[in-house]
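Student: Okay, here's the structure, questions in a sec.
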Amino acid sequence: YLRIVGLEIHAQISSNSKLFSGSQVQFAAPPNSLVSFFDASLPGTLPVLNRRCVEAAVMTGLALNCSINKKSLFDRKHYFYADLPAGYQITQQRVPIAVNGSLSYSLCIDNKMSQMVTKTVRIKQIQLEQDSGKSLHDDTRCQTLVDLNRAGVGLMEVVMEPDMCCGEEAAAAVRELQLILQTLGSSQAVMAEGQLRVDANVSVHHPGEPYGVRTEVKNINSIRFLAKAVDYEIQRQIEELENGGTILNETRAFDSKLGCTVPMRDKEGKQDYRFMPEPNLPPLILYDTKSLPANMNHQQVINIDWIQERLPDLPSVKREKLVEQYGILPEHSFTLLNEDGLAEFFESVVKQTQMKPKKVIGWILNDLLSYLKQHSLTVKESPVSSILLADLLNLLEKKEISSTAAKRVLAELWKGEGKTPLEIVKEQKLELLQDQKELEQICQAVIDGQENEVIMMVLGTFCTVSPVAAAVAPQLLPTLLFCWAVAAAQMLPCGG
Amino acid sequence: MQGSFTGLQTGIGQPLGILDGIPIAVKDNFNTAGIETTCASNMLKGYISPYNATVVQKLLDHGAVLLGKTNLDEFAMGSGSTDGVFGPVRNPWSYSKQYKEKSVPKSHSEEESDWVITGGSSGGSAAAVSSFTCFAALGSDTGGSTRNPAAHCGVVGLKPTYGLISRHGLIPLVNSMDVPGILTRCVDDAAVLLGSLAGHDPKDSTTIQDDFKPFELPNLTDVSKLSIGIPKEYHAPGLSSEILALWSKAADLFKNAGAKVVEVSLPHTRYSIVCYHVLCTAEVASNMARFDGLEYGHRSDMKDSTESMYAATRREGFNDVVRGRILSGNYFLLKQNYEKYFVKAQKVRRLIANDFVKVFRSGVDVLLTPTTLSDAAPYTEFIQEDNRTRSAQDDILTQAANMAGLPAINVPTALSERGLPVGLQFIGRSFQEKQLLTVAKWFEKQVQFPVIELEEVKRHDNGVFQHQKSASFS
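Protein chains in written order, with my numbering: chain A, 1 to 496; chain B, 1001 to 1474.
This is the structure we're talking about:
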């Protein structure tokens, strides 16, 4: 079976005010506190286009390699629902603001970070449209509660062609889009806050045969669930067809608790949205440097080239730069960018330490990151700042402590008690011995000491991080071992 | 009260603006803050608007006194001002000496039911100006709704170019054709009002960006450089012989004064009514979708489900005319019909607009046409036919100017044989209101339309009628 997966992604535009009105955009405000007359559809009110929203859409279109339509149009999409006060949504159905782009994303093969493959999904279009309000159904009291705070907030709908074939690809594509949007600042794209909503279109068919009937899967609240939902739906369709059944062209919701898709209640057959041009908004005209009229007030127009010049480095570019600049592996760069703030942390540490980036990266990805994950903390919340880590790594690099000692110091730093690495080292006497003579004295003392202790120490050196081993500079370690070996040989009946 | 406040201001010596202290009435489809705005519909009965329409705000900023909200056809759908929930509007000329003189003596009860309509849909506004209750009134014009009642009530009715005056706060009928309309007693007054209202409004994205400079109308004496076009298609079926004669006389007036008068052709005129019907109903279906009883306005007691509440609310809130247009409009917007009807109508609209472009490009400055097919009908006769039929009949001479977005004005011309007003219409070039009004003003001076003689008003006359001319145009 060939698996066909396409995505429709709604990203809430990060702006101070809504797409067509001046009311504020804010998450979790008291119900109906951010509603202008226009948002409430009071008769006689008219839409006024928000410039920042247009810029956000242009930025996103350029970042996704789209052609920006210099003339795009607004339309009304009609349906009746409690969260749609005007009885229609203003969207761009005929001519959207951007078309024909592409998005590259990477996957690990076989879950091994070391083998990454790059894939591309085509972007069909990006359109500007209004978000709806929220309705909550209170079945016990037979009422519906409507909150219009979200009604009219600007959305970019990004339509990805059905170039994907499984949940993992869909998830990776969405993750990359999320990173791009966050880098641009055009959307904060936090799925948990409803700033990024994904609907998946799934179908299957045998090679050579026409495309199968597709279903739409909605109500997916995280990237993890997206992968699950898509994979489940693919399986469900295959099983259904294998059993001689047919696939209905329906909308299904993903039930995260059960891990399956279920038909959505009551979609009343196919809706005719009676699209009509929005008569209150003239065509949206954008310019580039060539077409910009000389006497135009630059406050009134948007210059695509101007926006293009000011685009920040996209994630893919950032990753390349990290690999090139620091000599780290590509998969490292993915992890760095995947965690909010981690790349900046890494670079900050590299600046402040003599340790080579190739070595620093290990401490960042293995030690710091695992600590953060264990305690469910973000990089911003890390009790170990980049300065502290850099100090620690400097001690290590100057061979004032061993790497095992460094790990102990890190564990101590993690408690966040405000001590510097140096203080901890002194406290716990973790300084490395540099002096050969001093070492010989210690060894002699050991040899002169008790048998069992020596055997334990010999064993201990190899098995655990012992204070003695930790306190020995690496280059003196062979000497220590030799001493102990001699001691052991002297103690044990046979050449143990 | 607003009036006394304005008086205080003027007492101090500083007039608030050019309209300081002038009473003005506003059609009840304009939002007025803190004041009921109903559109003559059950759907908005008791609806207190929280904001002023831009035009209302401008009037108030210039010192005008809002006298009241005027009656109309429900949601401005109609050509008689007979289909609103507050009942029909009576034409003040029904009670004029001029009308009573010409009508057959009747019993008192017969006389009571003999009154004539104002035309519509801005009938209340036209009647208010016509009966001296205010100096000017705001109407709206989508297919002729300002010019039609202006003609029937013997007042000046100006439809400005689309995009010149803000529609923010005007409850829309057809967004792509609606304009606020100005009703006054003379052309000069219309120019004054235009000056206070026109100009870009950031709240209305369909207003033009260019600055508007208010103007004073020159007193034209020499019309020899003027070219007047007479579109032959406006000799429409049903045009009364009276009005035809008046129209011809007006053309001669210009010719004799030295103007160039030419017959022109606007070949797509006959399609405009059908085209209008499709586009209007489609937009109505869309614009009325917001009336669901949830956020404001009438809400039905039906509680079974959201859908049933919506359906009951809309059935109870809208009259048959509105519901009929919604149904038609939704039909035209269905996916399978969209190309056939809506897109087709848009194309025909373009052709109609191009007719005017061609004619104006050929050197014509202003077009002269009748405004209505006949003088005002008695109410009892008017209601014999339904709203849709009447609208289709009555809009025929005014509608095309809305299609093309052009400015047009009704100038009261003469009294009919029944003693009722008849007006003629001038249609001008886009944004050339100054030229249009200049010509209209010249014409107004020539025809000397008589002042309405109302018993009740005459009793309080303090020389208002002194200037009435003896010679009139007819």
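For every residue, glycine included, the Cβ atom is placed at its ideal position computed from N, Cα and C. Computed from a prediction, not measured in an experiment: that's the story for all the values here.
Figure out for me which residue from N303/A, L430/A, L342/A, E440/A has the closest Cα to the Cα of R52/A.
Tutor: Within the first sequence, residue 52/A is the residue found at index 52, counting from 1. Of N303/A, L430/A, L342/A, E440/A, the residue nearest in Cα terms is N303/A.
Student: Would you check if the distance between the CB atom of M1077/B and the CB atom of L1173/B is smaller than 8 Å?
Tutor: For the purposes of this step, residue 1077/B is identified with residue 77 of the second sequence, where counting begins at 1. For the purposes of this step, residue 1173/B is identified with residue 173 of the second sequence, where counting begins at 1. Yes, these two residues count as a Cβ contact at 8 Å.
Student: Roughly how many whole angstroms lie between the Cα atoms of V1261/B and G1229/B?
Tutor: Here the question's residue 1261/B lines up with position 261 in the second sequence. Here the question's residue 1229/B lines up with position 229 in the second sequence. Each residue's Cα considered, the two are about 6 Å apart.
Student: Check whether chain A comes within 8 Å of V1298/B, counting only Cβ atoms and requiring the distance to be less than that.
Tutor: Taking the first residue of the second sequence as 1, we reach residue 1298/B at position 298. Looking at the sequence provided, one finds His at residue 1298/B rather than Val. Not closer than 8 Å to any Cβ of chain A, the Cβ of H1298/B fails to qualify, so no.
Student: Kindly list, in the order they appear in chain B, the residues whose Cβ is closer than 7 Å to that of D272/A.
Tutor: Sequence index remark: in the first sequence, residue 272/A carries index 272 (1-based). Under the 7 Å cutoff, chain B gives L1334, K1335.
Student: Should the segment 1442-1456 of chain B be called in touch with the segment 1384-1399 of chain B, which here means at least 3 C-beta pairs below 8 Å?
Tutor: No, they do not touch.
Student: Would you mind sorting L248/A into buried or exposed? The rule is 16 or more other CB atoms within 10 Å of its CB.
Tutor: Taking the first sequence and counting its residues from 1, one reaches residue 248/A at position 248. Result: exposed.
Student: Within 10 Å of its beta-carbon, does H1062/B have 16 or more other beta-carbons around it, so buried, or fewer, so exposed?
Tutor: The residue given as residue 1062/B occupies position 62 in the second sequence. With 16 or more Cβ atoms within 10 Å of its Cβ, H1062/B is classed as buried.
Student: Is the Cβ of L1016/B closer than 8 Å to any Cβ of chain A?
Tutor: Counted from its first residue, the second sequence places residue 1016/B at position 16. It does not: the Cβ of L1016/B has no partner Cβ on chain A nearer than 8 Å.
Student: Along the chain, where does the beta strand (DSSP E) that runs through A11/A open and close?
Tutor: Position 11 of the first sequence, counting from 1, holds the residue named residue 11/A. Taken as a continuous stretch (DSSP letters only), the beta strand (DSSP E) holding A11/A covers 2-12.
Student: Less than 8 Å between CB atoms is the rule here; does D1141/B satisfy it with respect to chain A?
Tutor: Start at 1 with the first residue of the second sequence, and residue 1141/B comes out as number 141. No, no contact with chain A.
Student: According to a CB-to-CB cut-off of less than 8 Å, which residues of the segment 1145-1171 of chain B neighbour chain A?
Tutor: Result list: R1167, H1168, G1169, L1170, I1171.
Student: CB-CB under 6 Å to I424/A, same chain, minus the five flanking residues each way: which ones, in chain order?
Tutor: Residue mapping note: residue 424/A aligns to position 424 of the first sequence, counting from 1. Same-chain partners within the cutoff: V409, E412.
Student: Grab the span of the alpha helix (DSSP H) containing T1206/B for me, first residue to last.
Tutor: The count along the second sequence starts at 1 and reaches residue 1206/B at position 206. Careful: T1206/B lies outside any alpha helix (DSSP H) and carries neither H nor E.
Student: Below 8 Å on the Cβ atoms is my guess for V121/A versus M160/A; work out the distance and round it to an integer in Å.
Tutor: On the first sequence, position 121 is the one that residue 121/A refers to. On the first sequence, position 160 is the one that residue 160/A refers to. That belief holds up - the Cβ atoms of V121/A and M160/A are roughly 5 Å apart, short of 8 Å.
Student: Within 10 Å of its beta-carbon, does F334/A have 16 or more other beta-carbons around it, so buried, or fewer, so exposed?
Tutor: Residue numbering aside, residue 334/A sits at position 334 when the first sequence is read from its first letter. Buried: at least 16 other Cβ atoms inside 10 Å.
Student: Could you tell me the alpha carbon to alpha carbon distance between I1352/B and Y1/A, rounded to whole angstroms?
Tutor: To locate residue 1352/B, count along the second sequence from 1; it is residue 352. To locate residue 1/A, count along the first sequence from 1; it is residue 1. Cα to Cα, I1352/B sits roughly 56 Å from Y1/A.
Student: Output needed for A1251/B: all residues of its chain with C-beta closer than 8 Å, excluding positions within five of it in sequence on either side, in chain order.
Tutor: Numbered from its first residue, the second sequence carries residue 1251/B at position 251. Same-chain partners within the cutoff: I1228, I1230, V1261, L1368.
Student: Between L1197/B, G1293/B, L1244/B, which lies nearest to G1017/B when the distance is taken from Cα to Cα?
Tutor: Translated into positions along the second sequence, residue 1017/B becomes position 17. Selected option, being the one with the closest Cα: L1197/B.
Student: Taking Cβ positions only, does R76/A come closer than 8 Å to chain B?
Tutor: Your numbering for residue 76/A matches position 76 in the first sequence. Interface residue, yes.
Student: Does DSSP classify E451/A as helix, strand or coil?
Tutor: Locating residue 451/A in the first sequence gives position 451, counting from the first residue. Confidence at E451/A is low in this model, with a pLDDT of 49, below 50, so the placement of that residue is unreliable and no value is reported for it.
Student: What are the residues of the segment 1299-1333 of chain B that lie near chain A, defined by any Cβ-Cβ distance shorter than 8 Å?
Tutor: Correct list: K1303, T1306, E1307, Y1310, N1330, L1333.
Student: Out of curiosity, what's the CA-to-CA distance linking K426/A and D391/A?
Tutor: The sequence position of residue 426/A within the first sequence is 426, counting from 1. The sequence position of residue 391/A within the first sequence is 391, counting from 1. Looking at the two C-alpha atoms, the distance is approximately 14 Å.
Student: Pick from I1182/B, R1429/B, G1119/B: whose alpha carbon is nearest that of V1359/B?
Tutor: Taking the first residue of the second sequence as 1, we reach residue 1359/B at position 359. The candidate whose alpha carbon is nearest that of V1359/B is R1429/B.
Student: Give a yes or no on whether the minimum CB-CB distance between K1045/B and chain A is below 8 Å.
Tutor: Here the question's residue 1045/B lines up with position 45 in the second sequence. Not closer than 8 Å to any Cβ of chain A, the Cβ of K1045/B fails to qualify, so no.
Student: On the CB-based measure, 16 or more other CB atoms within 10 Å of its CB, does S1152/B come out buried or exposed?
Tutor: Taking the first residue of the second sequence as position 1, residue 1152/B is located at position 152. Looking at the sequence itself, residue 1152/B is His, so the reference to Ser does not match. Burial call: buried.
Student: Could you tell me the distance, in whole angstroms, from the CA atom of T1281/B to the CA atom of I1171/B?
Tutor: In the second sequence, counting from the first residue as 1, residue 1281/B sits at position 281. In the second sequence, counting from the first residue as 1, residue 1171/B sits at position 171. Taking the straight line joining both Cα atoms gives about 15 Å.
Student: Between F1254/B, I1182/B, E1074/B, Y1095/B, which lies nearest to F1086/B when the distance is taken from Cα to Cα?
Tutor: What you label residue 1086/B is simply residue 86 of the second sequence in a count that begins at 1. Among F1254/B, I1182/B, E1074/B, Y1095/B, the Cα nearest to that of F1086/B is on E1074/B.
Student: Using a Cβ-Cβ distance under 8 Å, would M296/A count as near chain B?
Tutor: In the first sequence, the residue the question calls residue 296/A occupies position 296. Judged by the 8 Å Cβ criterion, M296/A is not in contact with chain B.
Student: Would you please verify whether the beta carbon of A527/A is less than 8 Å from any beta carbon of chain B?
Tutor: Nothing can be reported for residue 527/A, as the shown portion of chain A is limited to 1 through 496.
Student: In this structure, what does DSSP give as the bridge partners for T1133/B?
Tutor: The sequence position of residue 1133/B within the second sequence is 133, counting from 1. Paired residues: none, contrary to the question.
Student: Using the three-state DSSP reduction, which class does V1364/B fall into: helix, strand or coil?
Tutor: Walking along the second sequence from the start, residue 1364/B turns up at place 364. The answer is coil: DSSP assigns V1364/B none of H, G, I, E or B.
Student: Name the residues in the segment 86-105 of chain A whose C-beta lies less than 7 Å from a C-beta of chain B; which are they?
Tutor: Going along the segment 86-105 of chain A in chain order, one finds A86, G87, Y88 with a Cβ nearer than 7 Å to chain B.
Student: On the criterion of 16 or more Cβ atoms from any shown chain inside 10 Å, does V1274/B qualify as buried, or is it exposed?
Tutor: Here residue 1274/B corresponds to residue number 274 of the second sequence, with the count starting at 1. By the neighbour-count rule (16 or more Cβ atoms within 10 Å), V1274/B is not buried but exposed.
Student: In three-state terms, what does DSSP make of H1268/B?
Tutor: Taking the second sequence and counting its residues from 1, the one referred to as residue 1268/B is at position 268. H1268/B falls in the helix class under three-state DSSP.
Student: Is Q178/A closer than 8 Å to L196/A when the C-beta atoms are compared?
Tutor: If you number the first sequence from 1, residue 196/A lands on position 196. If you number the first sequence from 1, residue 178/A lands on position 178. Yes, the Cβ-Cβ distance between L196/A and Q178/A is below 8 Å.
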